[in-house]
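**Student:**
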Amino acid sequence: MTLDATDRKILNRMQDDLPLVSNPYSAVAEELGIPESELLNRMSCMKEDRVITRFGPFFDAAAMGGAFCLCAMAVPPENFETVLTKVNAHAEVAHNYERTHRLNMWFVLATETPEGIEATADAIERETGTRVLCFPKLQEFFIGFRVAA
Amino acid sequence: MIDARDRQIIEALQGGLPLVPAPYAQVAEALGMDEGALLFQLAELKSRGVIRRIAAAPNHYKLGMTSNGMTVWDVDDDHITELGTHIGALPFVTHCYERPRALPDWPYNLFAMVHGADRNEVERKRAEISAILGDACRAKDILYSTRILKKTGLRLKAKG
Numbered sequence: 000m001t002l003d004a005t006d007r008k009i010l011n012r013m014q015d016d017l018p019l020v021s022n023p024y025s026a027v028a029e030e031l032g033i034p035e036s037e038l039l040n041r042m043s044c045m046k047e048d049r050v051i052t053r054f055g056p057f058f059d060a061a062a063m064g065g066a067f068c069l070c071a072m073a074v075p076p077e078n079f080e081t082v083l084t085k086v087n088a089h090a091e092v093a094h095n096y097e098r099t100h101r102l103n104m105w106f107v108l109a110t111e112t113p114e115g116i117e118a119t120a121d122a123i124e125r126e127t128g129t130r131v132l133c134f135p136k137l138q139e140f141f142i143g144f145r146v147a148a
Numbered sequence: 000m001i002d003a004r005d006r007q008i009i010e011a012l013q014g015g016l017p018l019v020p021a022p023y024a025q026v027a028e029a030l031g032m033d034e035g036a037l038l039f040q041l042a043e044l045k046s047r048g049v050i051r052r053i054a055a056a057p058n059h060y061k062l063g064m065t066s067n068g069m070t071v072w073d074v075d076d077d078h079i080t081e082l083g084t085h086i087g088a089l090p091f092v093t094h095c096y097e098r099p100r101a102l103p104d105w106p107y108n109l110f111a112m113v114h115g116a117d118r119n120e121v122e123r124k125r126a127e128i129s130a131i132l133g134d135a136c137r138a139k140d141i142l143y144s145t146r147i148l149k150k151t152g153l154r155l156k157a158k159g
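Chains as they are written, first to last, in numbering that gives the first Met the number 0: chain A, 0 to 148; chain B, 0 to 159.
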């Protein structure tokens, strides 16, 4: 899908917070100077084409009493797919990326309790026979996420 | 902490907010509550930081930002806060954290995520970070992502 100027305008706006009102898309459409139906159609198309991976609330597990933790494993390439299946089977694995390093599998655990991180990391170690290194955040310097479309 | 009602709301919304003219009314109906009560509860979850914002998660790859580099740095602990704040403020850094080292495997304590149209662009941005860190940086590396293996966001487990 090729994004036109209106799609980009929508995408830039929709990375910011949606108002908590009955007709939030109508409010945003008015801001952007387009009809609400056009905003909804374009959003649906971008979601369908996976330009938008998700639209909705971003939850903070830590504020719910839970925790997030970045973890990494050095997975032997010949076992990569087998280990991947075992790791991804855990609902606590929120994202997982293959990366260019000896530590080639990097994933984020999101758990409902702080203890859940260690428990899940231990379970993954047991199931895969591979060490899980945990890198919890000590300080956060910026949380922007926004990309200019 | 979250109570049973918060949990119901989070479960109803973790898949996303419907793209319909009155999305909160639709979710409220599914939860058997009225729209006003849901909006009130969502505002409360936001004020507690449980909901950071209601927004789109874009796919960097589909936007032409096909190169994603996790730059990592071993920075003097005495200067990490000052330097991390500086690096985190760069417009092309999307996430920036101090994390513990895992010696001897992993000497790096500063992580800064950089996206670009290709690796050359990411390398140019990485060189800017390197110049800022100067002598305070003892070692560095970059890990490019080669594949998204999973991307679902937070999922609560069903609880009885």
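Glycine is no exception: its CB is placed at the ideal position from the N, C-alpha and C atoms.
Give me the Cα-Cα distance between threonine 65 of chain B and isoleucine 131 of chain B, rounded to the nearest whole angstrom.
**Tutor:** Start at 1 with the first residue of the second sequence, and residue 65 of chain B comes out as number 66. Start at 1 with the first residue of the second sequence, and residue 131 of chain B comes out as number 132. About 25 Å.
**Student:** Under 6 Å Cβ to Cβ from leucine 102 of chain A, same chain only, skipping five residues before and after it: list those, please.
**Tutor:** As a working note, residue 102 of chain A is residue 103 in the first sequence. Contacts found: Ala71, Ala73.
**Student:** Per the contact definition of three or more C-beta pairs closer than 8 Å, is the region 135-142 of chain B in contact with the region 75-82 of chain B?
**Tutor:** Judged by Cβ distances under 8 Å, the region 75-82 of chain B makes contact with the region 135-142 of chain B, as three or more pairs qualify.
**Student:** Within the same chain, show all residues whose beta-carbon is closer than 7 Å to that of leucine 39 of chain A, passing over the 5 residues directly before and after it, in chain order.
**Tutor:** Taking the first residue of the first sequence as position 1, residue 39 of chain A is located at position 40. Contacts found: Tyr24.
**Student:** Are at least three pairs of beta-carbons, each pair with one atom in the region 70-77 of chain B and one in the region 126-141 of chain A, less than 8 Å apart?
**Tutor:** Touching, no, given that fewer than three Cβ pairs across the two stretches are closer than 8 Å.
**Student:** Residues of chain B with a CB under 9 Å from the CB of arginine 53 of chain A: which are they?
**Tutor:** Residue mapping note: residue 53 of chain A aligns to position 54 of the first sequence, counting from 1. Per Cβ cutoff of 9 Å: Gly14, Gly15, Ala55, Ala56, Lys150, Thr151, Gly152.
**Student:** Kindly indicate which three-state DSSP category alanine 55 of chain B falls into: helix, strand or coil?
**Tutor:** By 1-based counting over the second sequence, the position of residue 55 of chain B is 56. Strand.
**Student:** Find the residues of chain A that neighbour aspartate 104 of chain B, judging by a C-beta separation of less than 7 Å, and give them in chain order.
**Tutor:** To locate residue 104 of chain B, count along the second sequence from 1; it is residue 105. Chain A residues near aspartate 104 of chain B: Leu132.
**Student:** When the Cα of arginine 100 of chain B is compared with those of B:Arg125, B:Leu89, B:Leu109, which residue comes out closest?
**Tutor:** Within the second sequence, the letter at position 101 stands for residue 100 of chain B. It is B:Leu109.
**Student:** Compute the beta-carbon to beta-carbon distance between asparagine 67 of chain B and serine 129 of chain B, rounded to the nearest angstrom, for a pair I have assumed lies under 8 Å.
**Tutor:** As a first step, residue 67 of chain B must be located in the second sequence, where it is residue number 68. As a first step, residue 129 of chain B must be located in the second sequence, where it is residue number 130. Wrong, their Cβ atoms sit about 18 Å apart, outside the cutoff.
**Student:** For chain A, is any of its Cβ atoms less than 8 Å away from the one on glutamate 34 of chain B?
**Tutor:** Here the question's residue 34 of chain B lines up with position 35 in the second sequence. Closer than 8 Å to some Cβ of chain A, the Cβ of glutamate 34 of chain B qualifies, so yes.
**Student:** At what residue ranges does the region 53-128 of chain A contain a whole run of the alpha helix (DSSP H), taking only runs of 4 or more?
**Tutor:** Taking only runs of at least 4 residues, the alpha helix (DSSP H) segments lying wholly in the region 53-128 of chain A are 79-87, 114-127.
**Student:** Roughly how far, in whole angstroms, is the beta-carbon of lysine 149 of chain B from the beta-carbon of valine 20 of chain A, given that I think they are within contact range, below 8 Å?
**Tutor:** Along the second sequence, one-based indexing puts residue 149 of chain B at 150. Along the first sequence, one-based indexing puts residue 20 of chain A at 21. With a Cβ gap of about 34 Å, lysine 149 of chain B and valine 20 of chain A do not count as contacting.
**Student:** Return the chain-ordered list of same chain residues with a C-beta closer than 8 Å to the C-beta of lysine 85 of chain A, the five sequence neighbours on each side being excluded.
**Tutor:** For the purposes of this step, residue 85 of chain A is taken as the residue at position 86 of the first sequence. Excluding positions up to five away in sequence, the list reads Ile123, Glu126, Thr127.
**Student:** Secondary structure at phenylalanine 67 of chain B, three-state DSSP: helix, strand or coil?
**Tutor:** Residue 67 of chain B sits at position 68 when you count from the first residue of the second sequence. One point to set straight first is that residue 67 of chain B is asparagine, not phenylalanine, in the sequence displayed. Of the three classes helix, strand and coil, the one that applies to asparagine 67 of chain B here is strand, per DSSP.
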